[in-house]
Amino acid sequence: MPTPPSSPYIMYGIKNCDTIKKARRYLEDNGINYQFHDYRADGLNDELLSTFIAHLGWDILVNKRGTTWRKLSDEQKNSVVDAQSAKKVLLAEPAMIKRPVLVSPDNRYLVGFSVEEYQNFIK
Numbered sequence: 006m007p008t009p010p011s012s013p014y015i016m017y018g019i020k021n022c023d024t025i026k027k028a029r030r031y032l033e034d035n036g037i038n039y040q041f042h043d044y045r046a047d048g049l050n051d052e053l054l055s056t057f058i059a060h061l062g063w064d065i066l067v068n069k070r071g072t073t074w075r076k077l078s079d080e081q082k083n084s085v086v087d088a089q090s091a092k093k094v095l096l097a098e099p100a101m102i103k104r105p106v107l108v109s110p111d112n113r114y115l116v117g118f119s120v121e122e123y124q125n126f127i128k
């Protein structure tokens with residue numbers, strides 16, 4: 006595997022998430038320099054979420070398979086129709102953001118985790 010850039014990747018998520026644990030383990034096992042940003046401990050603001058939406062799209066970020074989404078009322082679910090409405094829900098419920106979001110030192114964005122995706126992303 007090629008040597009990654011020295012400035013760190015940044016992983017965003019929630020530390021107790023199983024997918025986050027797998028992704029962090031992958032980065033650590035492969036000697037990839039990264040920082041972890043926990044939405045619960047470090048926060049999530051409008052500017053950061055707007056950046057995610059600009060790079061990835063709101064529809065990619067909304068995790069409709071998670072428990073937090075399932076707990077929403079039908080009215081709340083049906084109200085998520087564009088970037089603005091998604092942002093409102095995601096700021097209120099950061100656990101609903103698909104995880105992890107990984108940002109490379111050269112400002113590329115990836116959502117989710119699979120070994121193959123990470124191998125291709127970290128080159």
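Everything in the sequence shown is counted per my numbering, starting at 6 for the first residue and increasing by one. Glycine included, C-beta positions come from ideal geometry on N, C-alpha and C. Source: prediction; values computed, not measured.
Query - Rounded separation between W74 and F126 - CA only - result: Position 69 of the sequence shown, counting from 1, holds the residue named residue 74. Position 121 of the sequence shown, counting from 1, holds the residue named residue 126. The straight-line gap from Cα to Cα measures roughly 28 Å.
Query raised in the report: Below 8 Å, can you find three or more Cβ-Cβ pairs linking the stretch 27 to 44 to the stretch 66 to 83?
Result: no
Report task. Identify whether F126 lies in helix, strand or coil by the three-state DSSP scheme. Result -> Position 121 of the sequence shown holds residue 126. Correct three-state label for F126: helix.
Query - Cross-strand partners of M16 (DSSP beta bridge) - result: Sequence index remark: in the sequence shown, residue 16 carries index 11 (1-based). Answer is F41 and L107.
Query raised in the report: Hey, how far is the Cα of V94 from the Cα of V85?
Result: Numbered from 1 along the sequence shown, position 89 holds the residue referred to as residue 94. Numbered from 1 along the sequence shown, position 80 holds the residue referred to as residue 85. Going from the Cα of V94 to the Cα of V85 covers about 8 Å.
Query raised in the report: If we ignore side chains and look at the alpha-carbon of each, how far apart do R45 and P105 end up?
Result: Position 40 of the sequence shown, counting from 1, holds the residue named residue 45. Position 100 of the sequence shown, counting from 1, holds the residue named residue 105. Annotation: R45 to P105 spans about 14 Å, alpha carbon to alpha carbon.
Query raised in the report: Among the residues of its own chain, which have a CB less than 6 Å from the CB of A88, if the five just before and after it don't count?
Result: Along the sequence shown, read from residue 1 onward, the residue named residue 88 stands at position 83. Answer for A88: I58 and W63, listed in chain order.
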